[in-house]
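Take a look at the structure below.
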Amino acid sequence: MSARGAFAGLLAVTLTGACDRSPSEPPPATTASRPLKTARCVRQTPDVAPPPAPRGPDPRCPRDPAAPPTTPMGKVRFPATPAAPEVEVELMLTDEHRERGLMYRRELPETRGMLFVFDQEKEHGFWMHNTCLPLDMLFVADDGFIVGLLEEVPTMNDDMRSVPCRSKYVLELGAGFARRHGIRAGQTIEIDRGASP
Numbered sequence: 060m061s062a063r064g065a066f067a068g069l070l071a072v073t074l075t076g077a078c079d080r081s082p083s084e085p086p087p088a089t090t091a092s093r094p095l096k097t098a099r100c101v102r103q104t105p106d107v108a109p110p111p112a113p114r115g116p117d118p119r120c121p122r123d124p125a126a127p128p129t130t131p132m133g134k135v136r137f138p139a140t141p142a143a144p145e146v147e148v149e150l151m152l153t154d155e156h157r158e159r160g161l162m163y164r165r166e167l168p169e170t171r172g173m174l175f176v177f178d179q180e181k182e183h184g185f186w187m188h189n190t191c192l193p194l195d196m197l198f199v200a201d202d203g204f205i206v207g208l209l210e211e212v213p214t215m216n217d218d219m220r221s222v223p224c225r226s227k228y229v230l231e232l233g234a235g236f237a238r239r240h241g242i243r244a245g246q247t248i249e250i251d252r253g254a255s256p
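In the working numbering, the protein residues as written are 60 to 256.
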């Protein structure tokens, strides 16, 4: 199409659009008059729960070759869902601790979890190598905003799992915790790291 033809087409569209608008209708808001929203990366939580993973430790769970490392403790609260219990979390601050994670564990009480703390926000991937309990994984930005969560992650497999958003923390809880307590992406959590760095 020539430049003249394009101009004529644009003029016709503009006039047609003006004819369809009633005189009492206010003009559309301009960019200058609208408040600007900063979009956040969020992987929305599905409305329908995934199939539940089998509960209890996986019968294939190997014996723990060593005692679990001692880690500092902290707490996580869920202000958007006040009925959710406060969770006591092991703080995984070093590469050694993060690599070990919840491997070989055969129980995880409802009010316990593990918080992986990373040096920087980026897309973090997790697997379930030698992890004997099904989990929920909450991926959390530096300010406590839940950018996404994975539910009912099955045991004992090396598939890499992540959400397509950057996170600073990953909170692991027993499978079904998020759904039981109404926790969804887009909410925030409060992290109390105690005296840990």
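Glycine is no exception: its CB is placed at the ideal position from the N, C-alpha and C atoms.
In the structure shown, the three-state DSSP call for residue 137 is coil. Counting along the chain, the unbroken beta strand (DSSP E) around residue 177 starts and ends at 171-181.
Along the segment 173-252, the alpha helix (DSSP H) occurs as fully enclosed runs of 4 or more residues at 236-239, listed in sequence order. Close CB contacts of residue 103 within its chain, under the 7 Å cut and outside five residues either way in sequence, are with 244 (chain order). The Cβ atoms of residue 248 and residue 205 sit closer than 8 Å to each other. For residue 155, DSSP assigns no beta-bridge partner whatsoever. Burial is judged here by how many other beta carbons sit within 10 angstroms of a residue's own beta carbon; residue 179 has fewer than 16 and is exposed.
The beta carbon of residue 133 lies closer than 6 Å to those of 148, 150, 251, 252, 253 in the same chain, with the five residues before and after it left out. Checking the DSSP bridge columns, you'll see residue 132 partnered with 149. A Cβ-Cβ separation of about 6 Å places residue 187 in contact with residue 214 under the 8 Å criterion.
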